[in-house]
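Some notes on the structure that comes next.
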Amino acid sequence: MLENNSTIQARLAGFHSSRSLLKAEDGLYEPAFVGSTEWVDRKRPNTIEIERSLRSGGEFIERNWTYGAGVEVRTPIGGRVRIGASGRELRNNVQRTVIVDLDAEYELSADALVEQPLLKNAGWNVTYAPRRMAARTAELAFQDYRHDLMQIIAQAETAYWELSLAQEQVRLSRDSVKIAQTLLDDNRARFAAGRGAELDVLESQAGLAMRQSRLSAARQRHVEAINRVAVYFGGWPQSDGFQYETTQSPQVTPVSVEQLRGGESVLAQSPNLLRAYSQVEQEKIRVKVAKNQRLPQVDLTGAFATSGLGYDWKSSYTDVEKINFPQWRVGLQMRVPLLAGIRERNELTAARQRLLQAERNARELEVQVRTELDAAVRRVEATATTARSNRAGAEFRAALLRDRLKAREAGRMETRIVLEAEQELLQARLELLDSEVEFQRTLLELQVLKGSLLKNRGVELSMEELQKKTRDWMRTPGVPLDALRYQAPTNIPTPSATE
13 MLENNSTIQA RLAGFHSSRS LLKAEDGLYE PAFVGSTEWV DRKRPNTIEI ERSLRSGGEF
73 IERNWTYGAG VEVRTPIGGR VRIGASGREL RNNVQRTVIV DLDAEYELSA DALVEQPLLK
133 NAGWNVTYAP RRMAARTAEL AFQDYRHDLM QIIAQAETAY WELSLAQEQV RLSRDSVKIA
193 QTLLDDNRAR FAAGRGAELD VLESQAGLAM RQSRLSAARQ RHVEAINRVA VYFGGWPQSD
253 GFQYETTQSP QVTPVSVEQL RGGESVLAQS PNLLRAYSQV EQEKIRVKVA KNQRLPQVDL
313 TGAFATSGLG YDWKSSYTDV EKINFPQWRV GLQMRVPLLA GIRERNELTA ARQRLLQAER
373 NARELEVQVR TELDAAVRRV EATATTARSN RAGAEFRAAL LRDRLKAREA GRMETRIVLE
433 AEQELLQARL ELLDSEVEFQ RTLLELQVLK GSLLKNRGVE LSMEELQKKT RDWMRTPGVP
493 LDALRYQAPT NIPTPSATE
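Below you can see the structure in the form of structure tokens.
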């Protein structure tokens, strides 16, 4: 059933997408290798001042290679660390004015750089905000999936019980037609033998016609019920050649109001409430980030480097290795908006207002869920009472019909009275079936409202389990969704199992 439902498949795809985005946020702290190379061929005229010192013929010509490599990584508190090295191969027309046979100079440098925000953009709240937001987004997608899956299962099981109702309506209508036909045949035989009245025959014919009409309507409802069930299997009877039949009938189990309410468990399983709570947490994250953005931007920078210069790479590396030419640098950089941060101030105000909105929505939804839960529990209790009353009424009508049939056989009862008794029995049995199906429907609605339906059906999975068990389906959407297969219960679980 679930493999043919596009809504559930779309929710699964959205869930896996949000989980992938959550994993993507872990890449924020992934070290990165940075490499570069550059070739410079430059010629420029010298000023008199420079020419006097260089004596290079009035112009400076250079052809240099520059190399660089390093590893950069972000820190959990918002900083950036870089460790690397750079080298330059220098060739110009000044070198030979000093050393005639000099081919090139080689310059190496190894350095470590640290940049750390001290106020704005500093700390865990800001650095981890994207990942925490992605985690909440994944929770929202997961609750959307749970909500839609419960709705689909409840609708499918409701369609099943409605098909069971339609089948019984056809059976009862067919039995009613048989009784009316038997009465008609008997009255015709009596009339032909001179022991009955023509009025009895006419009454029997009218009763038979009415019951045949009811049977025709019941068969039409049966076809419609079959089509509703077939939709959940990705087809319809005319195309797949299947004839869907139910093998179970609805039963009314004893109910307990306190067990049906389930205490505070509704707050821990309801997808709508859990979704609202996740939205509140998202807004809290935004408020924390917005508060941080109101701070002045003060960044601390620190660097250490050691360099070397030689006539080849080896001699230059020796200087670097021995730290012959160390370099230290420490600094602060500050940036303060002159108008007290118009953008940041209003963004913080907006974030606080969104948080207030989310909290009010969650509170209103909680009240709504509690109210709907109370109403649903009372509906279950009322339908159970109605079903028990209808069963007693149907049993009485069945006994009454048996007595009247016996009286008619003895010649002490008119056909009209027997037909009326049979009509009342049929109506009582139909009302009993309606109340039993309504009982199952109200129990399903209650479990959907409480969020316990998936647990009761054995398909309640955590986010990690759902991702693991449906990973193959995401890679190949055509494979079966074995993780979501379940055996529908013979009847809706008793109240003790619905918590």
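Numbering-wise (the working numbering), the sequence shown opens with residue 13 and increments by one.
Glycine included, C-beta positions come from ideal geometry on N, C-alpha and C.
Fair warning: this is a prediction, and the values are worked out from it, not measured in the lab.
Next item on the list: Use the C-beta contact count for A22: other C-beta atoms within 10 angstroms, 16 or more gives buried, fewer gives exposed.
Entry: exposed
Item checked: Supposed close pair V138, V301 - CB separation, criterion 8 Å -> Rounded to the nearest angstrom, the Cβ distance from V138 to V301 is 6 Å, consistent with a contact under 8 Å.
Item checked: Start-to-end residues for the beta strand (DSSP E) that takes in A122 -> 117-129
Notebook entry, point to check: Taking contact to mean at least 3 C-beta pairs separated by less than 8 Å, is the region 289-303 in contact with the region 367-374?
Noted result: yes
Notebook entry, point to check: Along the chain, which unbroken stretches of the alpha helix (DSSP H) at least 4 residues long are found entirely within the region 157-182?
Noted result: None, since the region 157-182 contains no complete alpha helix (DSSP H) of that length.
Check: Given a threshold of 16 other Cβ atoms within 10 Å of its Cβ, counted over all protein chains shown, does L344 qualify as buried or as exposed?
Finding: exposed
Check: Short check: CB of D119 to CB of R94, under 7 Å?
Finding: For the sequence presented, residue 119 should be read as Glu rather than Asp. No, the pair does not count as a contact, with Cβ atoms beyond the cut-off.
Check: Going straight from the alpha carbon of A362 to that of G90, what length do you get?
Finding: 24 Å
Item checked: Straight-line gap, L456 to Q260 (C-alpha atoms, nearest Å) -> Rounded to the nearest angstrom, the two C-alpha atoms are 16 Å apart.
Check: What is the residue span of the beta strand (DSSP E) that G219 lies within?
Finding: Run containing G219: none in the beta strand (DSSP E); it sits in the alpha helix (DSSP H), 210-243.
Margin query: DSSP has Q339 in a bridge; who is on the other side?
Written below: A317
Notebook entry, point to check: Of the residues S98, P57, A205, which one's Cα is nearest the Cα of E50?
Noted result: E50 has its Cα closest to that of S98, out of S98, P57, A205.
Check: Where does P129 land, buried or exposed, given buried means 16+ other C-beta within 10 angstroms?
Finding: Classified as buried, P129 has 16 or more neighbouring CB atoms from the shown chains inside 10 Å of its CB.
Item checked: Backbone CA spacing between W340 and S48 [nearest angstrom] -> 24 Å
Checklist line | Start-end ranges of the beta strand (DSSP E) lying completely within the region 76-117, minimum 3 residues | finding: 92-102
Note to self: Quick test of your reading: P349 and K132, contact by CB under 8 Å. State the CB separation rounded to the nearest angstrom.
What the structure shows: Wrong, their Cβ atoms sit about 11 Å apart, outside the cutoff.
Notebook entry, point to check: Looking at C-alpha atoms only, which residue of A44, I238, R200, F245 is the closest neighbour of S216?
Noted result: R200
Next item on the list: Can you give me the Cβ contacts of L227 inside the same chain, cut-off strictly under 8 Å, excluding the 5 residues immediately before and after it?
Entry: V182, S185, R186, S188, V189
Check: Taking the continuous alpha helix (DSSP H) assigned at S30, which residues delimit it?
Finding: 18-37
Check: For the 8 Å Cβ check, are there 3 or more pairs between the region 434-451 and the region 394-411?
Finding: Contact holds: three or more Cβ-Cβ distances are below 8 Å.
Notebook entry, point to check: What separation, rounded to the nearest whole angstrom, lies between the Cα atoms of A205 and D198?
Noted result: 11 Å
Checklist line | Beta-carbon proximity check, Q281 vs G463, cutoff 7 Å | finding: Taking the C-beta atoms as reference points, G463 is found nearer than 7 Å to Q281.
Check: Measuring CB to CB, does A192 end up less than 7 Å from L220?
Finding: yes
Checklist line | Assigned exposure category for F346 - 16 Cβ within 10 Å defines buried | finding: One point to set straight first is that residue 346 is Met, not Phe, in the sequence displayed. It counts as exposed.
Check: With DSSP run on the structure shown, which of helix, strand or coil describes L473?
Finding: coil
Check: How long is the line joining the alpha carbons of T398 and E180, rounded to whole angstroms?
Finding: 19 Å
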